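Protein chains: 2
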Amino acid sequence: MGRMTTGPVTEERPLRRDAARNRELILRTAAELFAEQGLEAGYDEIAKRAGIGVGTVYRRFPERSELVQALFESRIEEMVAIAEEAADQPDPWEGLTMFLERAIERQVADRGLKEVMVQTIAEGDHLTVGRERLGPIIDGLIERAQAAGTLRPDVEATDIGMNLMLMSSMTMPEQPELWRRYLALLLDGLRAAPGQKPLPLAAPADEAMHALMCNLHGRRA
Amino acid sequence: MGRMTTGPVTEERPLRRDAARNRELILRTAAELFAEQGLEAGYDEIAKRAGIGVGTVYRRFPERSELVQALFESRIEEMVAIAEEAADQPDPWEGLTMFLERAIERQVADRGLKEVMVQTIAEGDHLTVGRERLGPIIDGLIERAQAAGTLRPDVEATDIGMNLMLMSSMTMPEQPELWRRYLALLLDGLRAAPGQKPLPLAAPADEAMHALMCNLHGRRA
DNA sequence: GATAAAACGGAGCAGGACTTCCGATTCGCT
DNA sequence: AGCGAATCGGAAGTCCTGCTCCGTTTTATC
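Chains as they are written, first to last, in numbering that gives the first Met the number 0: chain A, 0 to 220; chain B, 0 to 220.
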């Protein structure tokens with residue numbers, strides 16, 4: 000019982016030098032691939048593009064979720080920062096608009112990020128923490144714009160989320176910025192106007208929204 | 000050289016009774032499955048659900064496109080009929096609205112139909128003929144509504160097509176009618192209003208729109 | 001430099017989807 | 001009923017994707 004001085008259960012040894020180098024290589028490569036192809040890009044392809052063996056990738060990240068978490072924690076922070084900056088905007092409508100624009104920009108540039116934003120992952124997930132901080136900020140953006148009378152009063156946070164995701168799917172090789180055209184259209188629809196009829200049906204619940212996102216991306220469950 | 004009386008190349012013999020029965024069975028089953036799962040539902044599953052062998056399905060429809068064509072020709076006709084009826088509406092805005100509503104209704108109810116409407120199939124395809132008749136009618140709906148001053152002047156046919164497809168993806172088990180909420184939002188964006196800024200960027204070309212649809216549905220190429 | 005532990009790489013296995021093939025069956029005709 | 005031809009069914013072959021396993025190589029330590 001000579002080494003009771005060390006910490007509790009997890010005795011973390013530093014990675015060997017070659018392993019550490021490969022870990023970074025995997026992260027960089029996976030970031031690229033996930034951005035292009037989404038979160039289910041094959042480990043085989045990550046390995047090939049990184050110039051290492053598949054086994055190495057599986058050894059370092061036995062669960063795909065670990066890889067995703069390692070890659071996207073900071074990206075989600077970035078989204079939160081965007082929302083906060085939007086909330087600081089003096090004009091409420093400006094704020095909402097800016098948030099949508101920047102958020103879509105990011106998600107269009109990175110398909111993996113788009114998918115991560117939609118996921119509801121198991122408890123204890125670090126990414127979930129980040130995503131949950133986003134909710135209240137967006138609520139604030141919406142309420143403020145409604146109080147100012149510029150945003151129609153019957154839209155809710157899930158409506159915004161839903162449309163944000165839709166717009167983020169509006170890209171293609173040619174015309175990568177096409178989403179801006181349809182965001183403009185959406186914003187005109189979101190703006191409060193005199194004789195406007197209220198929207199039919201209720202806004203979807205969070206879970207419903209999640210379910211639809213899965214449908215959209217052809218994902219099961 | 001005894002039988003030069005019969006027609007040219009294609010000598011069509013009627014199917015045997017059991018074969019004809021199975022053909023119908025396959026069509027009915029495939030219609031169900033395609034509606035639920037889209038056009039790439041497995042032949043295996045069609046066979047299992049129909050209670051027949053896979054070989055039978057492959058023998059009758061060696062090319063999936065034949066099956067698709069047999070199933071959707073009339074559905075596309077139906078879409079054309081909807082558009083024509085919409086064009087007969089006295090009020091132009093009513094007409095456009097009605098077209099969108101009914102078209103989305105159909106496409107939401109049948110995922111296969113949605114996918115067929117997006118495809119650009121090889122020349123000589125009967126479905127293409129139907130789809131191509133749709134274009135001018137929709138153009139007419141749009142121009143008429145713009146001439147009346149109700150539809151904003153800077154939207155084009157591809158914009159409508161694009162959004163039609165988007166809306167058709169807005170369903171889920173719970174709240175199957177949710178798309179109506181977002182169609183209402185879209186329509187408010189499409190309506191011409193006094194100080195409205197023109198939409199940024201150009202409307203997508205037909206091919207670009209097609210490319211994006213493939214992206215959306217996760218299809219390759 | 002020698003040794004043991006850690007890490008590497010990619011061949012190969014498992015599971016699933018699509019398609020073919022052929023012995024058994026059903027049908028139409030005499 | 002009896003026969004040949006058309007059709008059936010599903011086992012088996014092929015291909016593709018995800019993952020594991022183990023002989024070889026690299027690293028840290030003495």
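Beta carbons are placed, not taken as given, at the ideal position from N, Cα and C, and that holds for glycine. Values in this document were obtained by computation on a predicted structure and should not be read as measured data.
Local Cβ density within 10 Å of residue i, reported as buried at 16 or more and exposed below that
| i | result |
| --- | --- |
| Tyr57/B | exposed |
| Arg180/A | buried |
| Gln118/A | buried |
| Gln36/B | exposed |
| Leu14/A | exposed |
| Glu11/B | exposed |
| Leu200/B | exposed |
| Glu206/A | exposed |
| Lys113/A | buried |
| Arg20/B | exposed |
| Ala18/B | exposed |
| Ala108/B | exposed |
| Arg110/B | buried |
| Ala222/B | Outside the shown range of chain B (0 to 220) lies residue 222/B, about which nothing can therefore be said. |
| Asp222/B | Nothing can be reported for residue 222/B, as the shown portion of chain B is limited to 0 through 220. |
| Pro203/A | buried |
| Met0/B | Its pLDDT being 41, under 50, Met0/B is placed unreliably by the model, and the measurement read from it follows with that caveat. When all chains shown are included, Met0/B counts as exposed. |
| Gly121/B | One point to set straight first is that residue 121/B is Ala, not Gly, in the sequence displayed. It counts as exposed. |
| Ala192/B | exposed |
| Ala146/A | exposed |
| Arg2/A | Only weak support is given to the placement of Arg2/A: the predicted model assigns it a pLDDT of 41, under 50, and the question is left unresolved by the model. |
| Asp87/A | exposed |
| Arg59/A | buried |
| Gly41/B | exposed |
| His216/B | buried |
| Asp222/A | There is simply no residue 222/A to check, as chain A begins at 0 and stops at 220 in what is shown. |
| Gly194/B | exposed |
| Gly160/B | buried |
DSSP-derived helix/strand/coil call for residue i
| i | result |
| --- | --- |
| Leu150/B | strand |
| Thr4/B | For Thr4/B, the predicted structure reports a pLDDT of 39, less than 50, and the residue's modelled location is therefore unreliable. A value from the coordinates is still provided. Note: Thr4/B maps to coil in three-state DSSP. |
| Gly194/B | coil |
| Gln145/B | helix |
| Gly134/B | helix |
| Thr216/A | In the sequence on display, residue 216/A carries His and not Thr. Looking at His216/A - three-state DSSP - the assignment turns out to be coil, as it is neither helix nor strand. |
| Ile75/B | helix |
| Gly139/B | helix |
| Ile81/A | helix |
| Leu99/B | helix |
| Thr119/B | coil |
| Ala156/B | helix |
| Glu11/B | coil |
| Gln106/A | helix |
| Asp90/B | coil |
| Ala201/A | coil |
Query raised in the report: In chain order, which continuous runs of the alpha helix (DSSP H) of length 4 or greater are located wholly inside the stretch 18-73 of chain A?
Result: 42-49, 53-59
**Report entry** Start-end ranges of the alpha helix (DSSP H) lying completely within the stretch 165-192 of chain B, minimum 4 residues
**Finding:** DSSP runs (the alpha helix (DSSP H)) wholly in the stretch 165-192 of chain B: 178-189.
Query raised in the report: Can you find at least 3 beta carbon pairs, one from the stretch 135-147 of chain A and one from the stretch 177-191 of chain B, that sit closer than 8 Å?
Result: No, the stretch 135-147 of chain A does not touch the stretch 177-191 of chain B.
Query raised in the report: Counting pairs of beta carbons, one from the stretch 90-97 of chain B and one from the stretch 52-71 of chain B, are three or more of them closer than 8 Å?
Result: no
**Report entry** the stretch 126-136 of chain A in contact with the stretch 69-77 of chain A per 3-pair CB rule at 8 Å
**Finding:** yes
Query raised in the report: Counting pairs of beta carbons, one from the stretch 145-156 of chain A and one from the stretch 144-162 of chain B, are three or more of them closer than 8 Å?
Result: no
**Report entry** At least 3 beta-carbon pairs within less than 8 Å: the stretch 96-111 of chain B vs the stretch 75-83 of chain B
**Finding:** yes
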